[in-house]
Amino acid sequence: MAAKEVLLYPNSILKELCTPIEDWDDSVATLLQDLVDTMVAAGHSVGVAAPQIGETRRALVVDVSKSKLGKKQENHGLLQMVNPKIIEREGQTVVREGCMSVPDYTGNVTRAERIVVQFQDQARQLQVIRADGFEAIAIQHEIDHLDGYLFLDRVSSLKTDLFRRK
Amino acid sequence: MSHFALTIIGRDRAGIVSEVTSILYQLGCNIADSSCSILGGQFSMILIISHPELDDQQKLAESFAPLEENGLSVFLRTLKPGGEEHPDLQGEICMISVYGADKPGIVYRVARELGEKQINITDLNTKLIGAKNAPVYVMMIEAILKQGVEVEDVEDWMAGLKDELQVDISVRSITPMEL
Numbered sequence: 000m001a002a003k004e005v006l007l008y009p010n011s012i013l014k015e016l017c018t019p020i021e022d023w024d025d026s027v028a029t030l031l032q033d034l035v036d037t038m039v040a041a042g043h044s045v046g047v048a049a050p051q052i053g054e055t056r057r058a059l060v061v062d063v064s065k066s067k068l069g070k071k072q073e074n075h076g077l078l079q080m081v082n083p084k085i086i087e088r089e090g091q092t093v094v095r096e097g098c099m100s101v102p103d104y105t106g107n108v109t110r111a112e113r114i115v116v117q118f119q120d121q122a123r124q125l126q127v128i129r130a131d132g133f134e135a136i137a138i139q140h141e142i143d144h145l146d147g148y149l150f151l152d153r154v155s156s157l158k159t160d161l162f163r164r165k
Numbered sequence: 000m001s002h003f004a005l006t007i008i009g010r011d012r013a014g015i016v017s018e019v020t021s022i023l024y025q026l027g028c029n030i031a032d033s034s035c036s037i038l039g040g041q042f043s044m045i046l047i048i049s050h051p052e053l054d055d056q057q058k059l060a061e062s063f064a065p066l067e068e069n070g071l072s073v074f075l076r077t078l079k080p081g082g083e084e085h086p087d088l089q090g091e092i093c094m095i096s097v098y099g100a101d102k103p104g105i106v107y108r109v110a111r112e113l114g115e116k117q118i119n120i121t122d123l124n125t126k127l128i129g130a131k132n133a134p135v136y137v138m139m140i141e142a143i144l145k146q147g148v149e150v151e152d153v154e155d156w157m158a159g160l161k162d163e164l165q166v167d168i169s170v171r172s173i174t175p176m177e178l
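Protein chains in written order, with numbering that gives the first Met the number 0: chain A, 0 to 165; chain B, 0 to 178.
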């Protein structure tokens, strides 16, 4: 168990559709721990998804509690998610996102403001949680990784979209 | 490798980007950074380009002559070595919205305030909107706050300008969510 190197685009793994985890062997715990270690090692980023460390299985970790933005909002602390699925979305918000796998670029992305997400936790228990604000955005961003989407695929506007309507 | 700043502007119509990039492609130029947009009725292109061998600005400029013939204005400048590298700007990014009845000095007064405080403007857009008899000026500024400056400080600086210019100003952090 260790911090792994974060893959950078154009590594093709980042564009793959990850497979659900069904065989719950020891490798799942290792994967989750690697994700946590990688997140912490990356200056405590707020989340890492399995494909970012080269694994095409549906697992991710999110923890917004250590970030400046996340601290201000209610959150669940460290979340380890296997086979996560968003089952409800509410509201819309535009946020500027960046990604460790796409350095030196940020873009405005439209995300749901609040989500209900179901997943299996590290103990394989099914959990259903409601997340909002920064945490909801982080979860949506990381789940996108499991589907081979980067935020670049979600950019909704150039910086000055206010002026682009006419 | 030599780098150049290329600026092209002309009445907007379909095909401008294609004409420009066709020439760049045939020359073997790389487009590093670029930003293109419609300002007024003009399509404006700003590009940082490079070429592995070509360093003769005059020769390069001649290649753009067909564009001038098609009604586009072309300006080319050779960058000093290192001039193509994006500076590593650290700090919180904030967005400043300024809007109100159009009057002279809105851009200057806000920019002066920021400049005096050593706040680096990284993006600026202005637009005249609203009705002909009641024009409204809108300005959006992205700026990077130097160490020790908070969004609240910028709000304080802008408060005085609000009264002076009779405009509305709001400031907020838009530091990207690094995920």
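Virtual Cβ for every residue (Gly too), placed ideally from N, Cα, C.
- Under DSSP, Phe74 (chain B) forms a beta bridge with B:Thr6.
- Phe133 (chain A) sits in a helix when the DSSP states are folded into three classes.
- Gly46 (chain A) has A:Val61 as its beta-bridge partners, per DSSP.
- Among the residues facing chain B, Arg110 (chain A) is not included, as its CB has no counterpart in that chain under 7 Å away.
- DSSP places Gln79 (chain A) in the uninterrupted beta strand (DSSP E) bounded by Leu78 to Glu89.
- For Gly69 (chain A), the closest C-alpha among the options A:Leu16, A:Ala41, A:Glu89 and A:Glu134 is that of A:Glu134.
- Using a Cβ-Cβ cut-off of 7 Å, Arg95 (chain A) counts as an interface residue toward chain B, since at least one Cβ of chain B sits closer than that to its own.
- The C-beta distance from Leu59 (chain A) to Gly46 (chain A) rounds to 6 Å, short enough to meet the 8 Å contact threshold.
- For Arg171 (chain B), DSSP records a beta bridge to B:Met94.
- Per DSSP, reduced to three states, the secondary structure at Pro134 (chain B) is strand.
- The way I'd put it, the region 7-25 of chain B doesn't touch the region 133-152 of chain A; fewer than three beta-carbon pairs between them come closer than 8 Å.
- Between the region 97-104 of chain B and the region 155-166 of chain B there are three or more inter-stretch CB-CB distances shorter than 8 Å, so the stretches are counted as touching.
- When Cβ pairs closer than 8 Å are counted between the two stretches, the region 62-78 of chain B is seen not to touch the region 131-150 of chain B, the count staying below three.
- In summary, Ala142 (chain B) is buried, with 16 or more beta-carbon neighbours lying within 10 Å of its beta-carbon over all protein chains present.
- Secondary structure note for Asp36 (chain A): its alpha helix (DSSP H) is the uninterrupted segment Asp25 to Ala40.
- In the displayed model, Met44 (chain B) falls within a strand according to three-state DSSP.
- Sequence-distant Cβ neighbours of Cys98 (chain A) in its own chain, meaning closer than 6 Å and more than five residues away, are Phe150.
- The CB of Pro134 (chain B) never comes closer than 7 Å to any CB in chain A; the least such distance is about 15 Å.
- Rounded to whole angstroms, the separation of the alpha carbons of Val116 (chain A) and Glu87 (chain A) is 7 Å.
- As a beta-bridge residue in DSSP terms, Val127 (chain A) pairs with A:Gln117.
- With respect to Leu178 (chain B), Ala137 (chain A) sits close: the two C-beta atoms are nearer than 7 Å.
- Counting along the chain, Thr18 (chain A) sits inside no beta strand (DSSP E), nor does DSSP assign it H or E at all.
- Proximity to Asn74 (chain A) across A:Ser155, A:Ala48, A:Ile114 and A:Leu6 peaks at A:Ile114, based on C-alpha coordinates.
- Chain B places no beta carbon closer than 7 Å to that of Cys17 (chain A), leaving this residue out of the contacts.
- DSSP, read as helix, strand or coil, puts Leu123 (chain B) in strand.
- Here Ser33 (chain B) is not near Leu53 (chain B), since their CB atoms are 7 Å or more apart.
- The beta-carbon of Thr92 (chain A) is placed no less than 7 Å from the nearest beta-carbon of chain B.
- Of the residues B:Leu75, B:Ala130, B:Lys145 and B:Ile92, the one whose Cα lies closest to the Cα of Ser49 (chain B) is B:Leu75.
- Neighbourhood of Leu145 (chain A) in chain B, by CB distance below 7 Å: empty, with the nearest CB roughly 13 Å away.
- Using a CB distance below 8 Å, the part of the region 119-153 of chain A facing chain B consists of Phe133, Ile136, Ala137, His140, Glu141 and Phe150, ordered along the chain.
- Counting only the Cα atoms, Cys35 (chain B) lies some 20 Å from Thr77 (chain B).
- Look at Val35 (chain A): its C-beta is not under 7 Å from any C-beta on chain B.
- Distance from the CA atom of Asp122 (chain B) to the CA atom of Val106 (chain B), rounded to whole angstroms, is 13 Å.
- Linking Glu83 (chain B) to His2 (chain B) through their CA atoms gives a straight-line distance of about 7 Å.
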